Ligand code: MG
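In my numbering, the protein residues as written are 6 to 387.
Put into structure tokens, the structure is as follows:
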């Protein structure tokens, strides 16, 4: 993308706030393209393929993993970025990195690690994603981490508690945590990735939930956003009543398109109204990337449905309870016997943090193997 096609409020790579360790430019790539490439080549990125989104990795080959989820977020984000003349490369980099800090077993793993780390500074996956790209990837001679640009790091740190923000700002006053104290927004590209994340998981969790047999199209029909598009598809193609998969895919396709169109139209209007002078001015305004109030409300309703019908489904909660137990037992085992971890983790000055980093980096199946090796027990049937 040439900078000439960027809107004036887009993040212009030529005006990046730069990297923590200064590096020579690498033409023809700009700084945000280079960030994206570093993320794709990282070890943490490859691990996403064996990390759970909602379903445990061994439950089926067709379910989303963190990797396919991240690719879907990047696809949706890039489509909208192009239409809005935002920085597509920055959007792609943030999207591909946004879940790098996720533990094995999705939110269940994070909840367990958070409980284990309660007295040791806590654990939060957004913060961990930043930690992965800032410190835990060890591959470059001159620095730890990937030494990404400010804008990519800002997008990765999507949430941050006040306590963590204060701690981060102490060591990096102008860093990406500063906005949580100032109460300002991240770049428009970061705002776009947040919305793309929600669009992606709402749609693919429906698909995965139906495939798993945990939610039914009849249940979904009562959710206005889904029901509306399902009826529209059936009006155009009545024969699809007998082809449930085709009907589901076409419904989800239309649901996603409608969301992208709504997001682009609503955000275009908000940008036209506020006319930010540049990317920094946009950070001082309310979030300008947004859905219309009507679609926002419908999305919230869909989310509530997924929460109660899918994420709280007894079959899901049963495997998440086992996952929490596994992570807690791994934490206890490594804390009691640090030498069971690789030497660089065992030797770290802050043992609880090192154990959390080690466990957070694991794939679902590696966590299961380690748990079996250390406890002699298997919590999941193979
Ligand atoms: Mg995500």
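For every residue, glycine included, the Cβ atom is placed at its ideal position computed from N, Cα and C. Values in this document were obtained by computation on a predicted structure and should not be read as measured data.
Nearest to residue 319 (by Cα), restricted to the options 116, 115, 212, 220: 220
Buried versus exposed, by CB contacts within 10 Å (16 or more), residue 186: exposed
At least three beta-carbon pairs within less than 8 Å, the segment 75-82 to the segment 94-106: yes
Reduced DSSP secondary structure (H/G/I, E/B, other) of residue 70: strand
Reference residue 198; option with closest CA among 228, 162, 166: 162
Alpha helix (DSSP H) segments (min. 4 residues) lying fully within the segment 225-288: 229-241, 249-279
Contact check, residue 192 vs residue 288, beta carbons under 8 Å: yes
Buried versus exposed, by CB contacts within 10 Å (16 or more), residue 36: buried
Residue 154 (DSSP reduced to helix, strand or coil): strand
Beta-carbon proximity list for residue 6, same chain, < 8 Å, skipping 5 on both sides: Confidence is the limiting factor: at residue 6 the pLDDT is only 45, short of 50, which leaves the residue's position unreliable, though a coordinate-based value still follows. Closer than 8 Å at the Cβ level, and outside the excluded window around residue 6, lie 92, 93, 94.
Opposing strand residues paired with residue 24 [DSSP bridges]: 154
Start-to-end residues for the alpha helix (DSSP H) that takes in residue 114: 111-121
Closest residue to residue 249 among 222, 264, 237, 241 (Cα-Cα distance): 222
beta-carbon residue 202 near the ligand MG non-hydrogen atom, thresh 7 Å: yes
Alpha-carbon spacing of residue 208 relative to residue 261, whole angstroms: 7 Å
Minimum C-alpha distance to residue 25 - residue among 206, 235, 119, 157: 157
Near the ligand MG: residue 355 beta-carbon under 7 Å from a heavy atom: no
Environment of residue 8 [buried if 16+ CB atoms lie within 10 Å]: Annotation note: pLDDT 49 at residue 8 (below 50); position unreliable, no value reported.
Boundaries (first-last residue) of the alpha helix (DSSP H) holding residue 49: 48-52
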